[in-house]
Amino acid sequence: MTFDALAGVLLIPAVAAALLAALPGYRLTARLNVIAAFLTFLTAGSLFVVEPKSGAYLLVDDLNKVFIVLTTFVGFTTSVFSASYIAHEIETGRLTPVFVRFYHAMYQALMFAMNLALIANNIGLMWVAIEMATLTTVLMVGIYRTHEALEAAWKYFILGSVGIALALFGTILVYMAARPVIGEGLDAMVWTVLITRAAKFDSALLNVAFVFLLLGYGTKVGLAPLHAWLPDAHAEGPTPISAVLSGLLLNVALYALLRFKMLLALNPDAIAPGPLMVTMGLISCVFAAFMLYRRRDIKRMFAYSSIEHMGIIVFAFGMGGTLANFAGLLHMTMHSLTKSAIFFAVGHIAQVKGTQKIADMGGLTVTHPVLGWGLVLGVVAIAGLPPLGIFMSEFLVVSSTFAREPWLATILAVGILVALGGLFLRLNTIAFGEARGPSGPAQASYVPMFAHLGLVFMAGIYMPPALVTGFQNVARLLG
Amino acid sequence: MTTTYALYCVAVLIALAPIAICFGTSARGNSVVYGSSLVVTLIISVLAVLSLFDQEVTGRIVLPLGLPWLGAHFAIDTLSSFFLFVVNLGGATASLFALGYGRHERAPDRVLPFYPAYLAAMNLVVLADDAFSFLVSWEFMSLSSWALVVAYHRERENLHAGYVYLLMAGFGTLALLLAFGLLAGANGDYVFESIRTSHPTAGLAALVLVLSILGAGSKAGVVPLHAWLPLAHPAAPSHVSALMSGVMTKVAVYGFVRIVFDLLGTPAWWWSMLVLAVGGITAVMGVLYALMQHDLKRLLAYHTVENIGIIYIGLGLALAFKAHDMPFAAALALTAGLLHVFNHSVFKSLLFFGAGAVLNATGERDMEHLGGLIHRMPQTAFVFLVGCVAISALPPLNGFVSEWLTFQAILLSPQLPSWGLKFIVPAVGALLALSAALAAACFVKAFGITFLGRPRTPAAADARETDSNSLAAMFFLSALCLLAGILPGLFIDALGPVTKMLVGVNMPRQTGLDWLTIVPIAESRSSYNGLLVFIFVTLSGSIAAFAIHRLASDKLRRGPAWDCGYPNPSPVTQYTASSFAQPIRRVYGTTVFAAREIGQMPPPGATVPARLSVQLRDLIWDMAYAPIAAFVGYASERLNVLQFLTIRRYLSLVFAALVLLLSVLAIWQ
Amino acid sequence: MAVIRDFAFQAVQMLLVLLLSPLLTGFVRKVKARLLRRQGPPLLQPYRDLIRLLRKEVVLADSASWLFRVIPYIVFAGTWVAASLVPTFRGGLLFSWSADLIALIALLGSARFFLALAGLDVGTSFGGIGSSREVMIASLAEPAMLMIMFTLALIAGSTQLSTMAAYMASGDVGLRASLGLAMLALIMVAIAENARIPIDNPATHLELTMVHEAMVLEYSGRHLALIDLASELKLLLYMSVIGCLFVPWGLAEPNAGAAAVAIGMAAYIAKLAGGGFLLAIFETSIAKMRVFRVPEFLGAALMLALLATLLRFVSGSF
Amino acid sequence: MRGLQFDVAHMLAGSLVLVSFMQLYQDRLYALLNIFALHAMVLAASVAWQAFVQGAPHLYVTAMIALAFKAIIIPIALHRIIVRLGIHREIETVVGVGPAMLLGMGLVALSMVVMLRVTTEADPLAREDLAFALSVVLLGLLMMVTRRNAVSQVIGFMSLENGLVLAATGAKGMPLVVEISVAFSVLIAFIVIGIFLFRIRERFDTVDVQALDRFRGERQ
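Chains as they are written, first to last, in the numbering used here: chain A, 135 to 613; chain B, 16 to 684; chain C, 7 to 324; chain D, 7 to 226.
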């Protein structure tokens, strides 16, 4: 019974992937996709009811429970969105049925990989899972087989596989560090064991290991200067994938980083991982903020904003301390929900306007009020304006760090402000002003978008105590 | 208990927003939204008055909202109840005005939903009792007003105004956020109660002061952070402009007072120098900017900046006296500042309503296209005139009282020991006097060019008197101007509890004195009696009129204007706004605005008209804002290269990062 | 009893200023004419002018509004009230406390405000010239006046004119640098405020440098009479202010006997005469300056006043 | 006996580094391919030796994989591609061979410095191997960075992977998970590269990454 939940989170997507690969016909597969995602979400939710025991390969604790539920939830809503999105893609003929079949299979495969990465109790297994997730997304980014899509996928693939290599090297080094203490064999790669003995590991090895892991997984997180793949992959792939990339894959990579950070934090004479993460976080935040100003492609713009927010999150976790960690977790959750909601909106907008060029769309609140105001709401949220959730997390990050590190917090604040400017500069042209571009009716599913925004709104006003205590436990766990 | 009721009312306001969305563009939405917000704001203002007079804080309330382990704290103490009154008085009159004005609304679906939300946000800022809910409400206030500013989003300059506004608001909020971060400390103790008990070190306190000047000042429109204000305030619908100028700036002042006087503990004397300098410069710059405008609403917006300066002068003096432990003087200065807060909220709302009425009647904001409206809109003209007299600080109306009190406070300041103040206070006094005189000039221009003379355009020629609701709102406010002018004692005493809370004592009781005089310090020292002055002037005026009409002649004949025998039928030959401001521009503008007059004289015999154009440069924008914008542009242009590298180059970036980190490791141990 | 007596004195004062002011103007004109070796109009000419104007019918421009007709009364009343609150021959006026020096300045400010509006009301270019120049001058004169007031208030420790006068009369003032500066500035401001040469020329028309006359160009009949009377009152007011502040001698005590009051009256008349005489000499001996030199003139006054205030602030001994 | 183990392992690992340098030195594609084959062989040898030393038979599998795939199949496949796509034979480098060599030296030095910090109680065998492995990885990256042509970049990537394998096998008693994953990743990597080359074949007539890069995301 107890093992089922974990197994289910893995098996349902796996089976679904196989099934979808086999089944023809778009409508059926789309529905199946939604159903599978929903089931996965339910099973993940059941983790809160009964907590399974962690085995040698699978692990569940407060930390990854949060991640899993978030992942499966966004996975579910995205599948709903993708159903309507893909339908439109088929009508316009951008995708042929065979590719749709492939797409759905890959979608479930991706879900599987991410869940595996999250519940793997073994650093090797986790690595495999994350790389699998990367490769599936590579294939999906390239799915339109256009000039741009191929280039984006190729870029993503090359940079991604270098990341793979670096991460693997780091993993090996961790094993090497653990082996003399724990002894040869599987145990030396099992989280639960590693954590207990980390204090005695060889610090020099751990340091080198962390450098490689930071760069390896940091590439997936999209930290500057390793971010290069991210904007193009977001811009050229199908929008559901952009949503999943921003909303989930980055988190999964971040999760890996956090795990290793915990490991290092336990070792007295290893370097503090904090400063490295803080530095990269700040660089990413400020850099991405400035990059927002010259963007002409709407999806690419929001991709950069993802980089910015990942920077903020990594900064928060790098600063450490219960409050900052709490803020980091909250910010990560809020960002996942908001950013995917934005991409839902953007996907439909791009379909309605028939382009992703910001210059060709305008006055959206006039032509398509629901989409337009949805986008405005999303941007307001992502820019960190109240009463939406991100304001709370940014408030916590900045105000809690300012007392400790005034200058760093100030730099972060400047980054946030610059980003605000960049986002609204474009929002003005997209949502307001004279209407530009075609104004045909949009057949879209607004439910996922507003569901996310509603959650974000609620979190900004009122957070259920259970959630809070959960986050606080995790924050304490992260130290 | 009051707090609870107030929160219920706010909840109603918030609930109005979705209702308004449901109404969409239907005409009934207008009356429903404005009507109910009128009622609610009236209720809250009554509550505020009640709670102003029971001294202790009425009912702290902690809702399970906001920061989970903290909750959202709300409370009404005397300070917040005063500002609550100001906010909701403005809100009520604005709603009343809008009941009529809103019928001509171009885009009700973009105004109605945000209007009650905006009111609610402003109320929440004043009610908030912990840093988080304060900032949430603060930024939500900015957000909702931003939405109202971009309501007419088809004009590009409105979008630009909204953009600048939102950026400055974000800047201000971040500044305040950092300030609260400092006050609360790393463990995040955001409740005002515990912030009061925590005593920051001198350096930290100073930093907090600077941050709160930046944060609250940027919202209040303190020079040089005022740039957004004259853009944003006019862009919104007029009743919203009234709220932004008359009320929201006051909420910003509230934030400043709350932090600096209440949370921050005992001030250091040099803080006041900072505040005074800011205030003085703001006052003069604001009115000079205003004088150079010919857009009526923008002129009013700029003039708000001036009044904010006056308020800050009062607050600065209060800080100085407080720092030197002269509580009665501090009470006087603070009363002056707060009274001006109230007064300005009254007459600035009144003036914006008038501008709105004119805009409705003529579709014009540019004074160069107006004129002669006094014939077509006599009642509006009358109330607008009252507003002009009041804002020009002329007796017997209310504007004069608060400036008079400020002067009295300045006259007390030679007793201040510290030398810096000895030098800066008289200078600030001079600036205050200068701004007062210039304000009069400014409103002679505003009223004279808009309402007097002959209509300059057909639109102005066949304007129509505005509707009864708007007039009711405006007459109410002008009555308030007169009342507060001739019976200032009532209002000064009402402020007693506030000053008692902030500086420990309150001014001597005024209402008991005979003839309702106000005597801030001592009978022998200074006194003013608006009531008597008013009575004398009216009496002697009417006596003269009566006598002349009875004893001498009362014959009257209409005829063409004499004008030294140069009859000029065309109204174009009248003095325009810019030509009226020309002498003052020549005196001040050349240095402050690098004003230049460029005359193009056609060659003799040419039939083309000669042109005279005036160039004004906003030096503050050029020096402070343009460089920042340029830098952002430059930086983003530079960094943008990184979007267009080859894969190999990206790999090299990764490679470089790796090598760098490894070398760091190598060097580290 | 005392109240009634004070009330009576207040009434007397109001009538006195009203009656004396045209005489003062007439006197100044007469002296000027004599200094120019002219016969000059008789002393009582201003009275005749006023009466004639009052009898005449008003010719009102078509484009004039109701405000245009109200303004003369407002201006007159404001100036009159202000003038009647200045201690002239006897301190401790009944209502002097109802408006201190600041309020007096502001009251005159209101009068000017409305007069400037009147200049704009008819919608002629001359009126515009007048009021725009008027407000420009005021924008410098008023702060200067306030700074002077600051200095004196700091010396006397009060903004009450009667208290100030009493303090000045008492011996413990002594000669002070700030006092001298303030007086100089006050005289300059007074000249500007009363539209005298070199700022403005009350005797001329149709001159592009005129200020005050240009504003009231459209007025006629009783309205013009009121406005002229108001400006004469203003001249008187400034003279009495200067008198009671800088030559406070002979001012009767609040509860002094008839003799003292008589002395006070005499002294007051003498002060006015002296003031008028000096003014006439000054006006005849100086040339009218261009309008855009005026800011320099008044700027100098402002600077003097500010300097005086600064000195006072820095130490009480200046 | 332990001395000999150490020496042989050391020798093999060292020679792997040497071969990497030789790769850096090449400026002809075919030669590069051959050198890469050699690289793979050396790797296979050292993996086999580790298998022998550690008495871990599963490592022989890894050795075989290395030999079969990297030493034989991949070079041949790439050779085919080069022929079919008619890529011009010489590799245009970013920095000249000399500087590249110098950089490589620096990297090796760096990896030594970093790795020799490791306390000796992690046994010396692993330590030395790690140092070499790290240098191989870095050299591989250097190659990817300094070569403009896709095939040589792929080869650089491969040698990077070789470094990983070296490290993995050097890690005594590391569970099979890792080897599989390495092979697995290389496999995936190669398949996807193949797909890509193929797709690209459909659309462009060159594999030069430049052709892909010419269009850089945002249309101006």
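From the three backbone atoms N, C-alpha and C, an ideal C-beta is built for every residue, glycine too.
Contact set for residue i: own chain, Cβ-Cβ below 6 Å, skip 5 residues either direction
i	result
Gly256(C)	Ile269, Gly270 and Ala273
Leu107(C)	Met155, Thr165 and Leu167
Gln11(D)	Val59
Ala46(D)	Ala72, Lys76 and Ala77
Leu44(D)	Val25
Gly139(A)	Here residue 139(A) turns out to be Ala, not Gly, going by the sequence shown. So the qualifying residues of the chain are Thr177, Ser180, Leu181 and Pro186.
Met323(A)	Asn256, Ile257, Gly258 and Tyr309
Chain C contact for residue i (CB, 8 Å cutoff)
i	result
Tyr590(B)	yes
Neighbour flag for residue i against chain A, beta carbons, 8 Å
i	result
Phe12(B)	Residue numbering for chain B in the displayed model covers 16 to 684; residue 12(B) lies beyond these limits and cannot be assessed.
Arg573(B)	no
CB contact below 8 Å: residue i versus chain B
i	result
Arg133(D)	no
Lys277(C)	no
Leu145(D)	no
Leu65(D)	no
Met150(D)	yes
Tyr53(C)	no
Start and end residues, beta strand (DSSP E) containing residue i
i	result
Phe8(B)	As shown, chain B starts at 16 and ends at 684. That puts residue 8(B) outside it, with no answer to give.
Ala67(C)	Val64 to Ala67
Start-to-end residues for the alpha helix (DSSP H) that takes in residue i
i	result
Ser628(B)	Careful: Ser628(B) lies outside any alpha helix (DSSP H), inside the beta strand (DSSP E) at Arg626 to Gln630.
Arg611(B)	Segment Arg611 to Gln615 is the beta strand (DSSP E) holding Arg611(B); no alpha helix (DSSP H) there.
Arg43(B)	Ala42 to Phe68
Ser145(C)	Ser131 to Ala162
Ala517(A)	No alpha helix (DSSP H) holds Ala517(A); DSSP gives it neither H nor E.
Phe460(A)	Thr456 to Lys487
Burial state of residue i, where buried means 16 or more other Cβ atoms lie within 10 Å
i	result
Val34(C)	buried
Tyr173(C)	buried
Met435(A)	buried
Gly180(C)	exposed
Tyr160(A)	buried
CB contact check: residue i to chain D, cutoff 8 Å
i	result
Asp494(A)	no
Spatial neighbours of residue i in its chain, beta-carbon cut-off 7 Å, leaving aside the 5 residues before and after
i	result
Ile599(B)	Leu306 and Ala456
Ile328(B)	Leu291, Gly294, Gly295, Ala298, Thr421, Val443 and Leu447
Met468(A)	Gly523, Ile524, Ser527, Val590 and Ala593
Pro402(A)	Ala333
Leu18(D)	Val48, Ala51, Ser52 and Trp55
Other residues of its chain near residue i: CB distance less than 8 Å, five sequence neighbours each side excluded
i	result
Asn168(D)	Leu22, His45, Ala46, Leu49, Ala72, Lys76, Val142 and Gly146
beta-carbon residue i near the ligand NAD non-hydrogen atom, thresh 7 Å
i	result
Asp277(B)	This structure simply doesn't include the ligand NAD, nor any ligand for that matter.
- Task: Go through the region 506 to 579 of chain B residue by residue and report every complete run of the alpha helix (DSSP H) that reaches 4 residues or more, in order.
- Result: Within the region 506 to 579 of chain B, the complete alpha helix (DSSP H) runs of at least 4 residues are 511 to 518 and 545 to 566.
- Task: Only counting runs of 4 or more residues, tell me where the alpha helix (DSSP H) segments fall wholly within the region 499 to 587 of chain A, in order along the chain.
- Result: 503 to 516, 523 to 536 and 540 to 565
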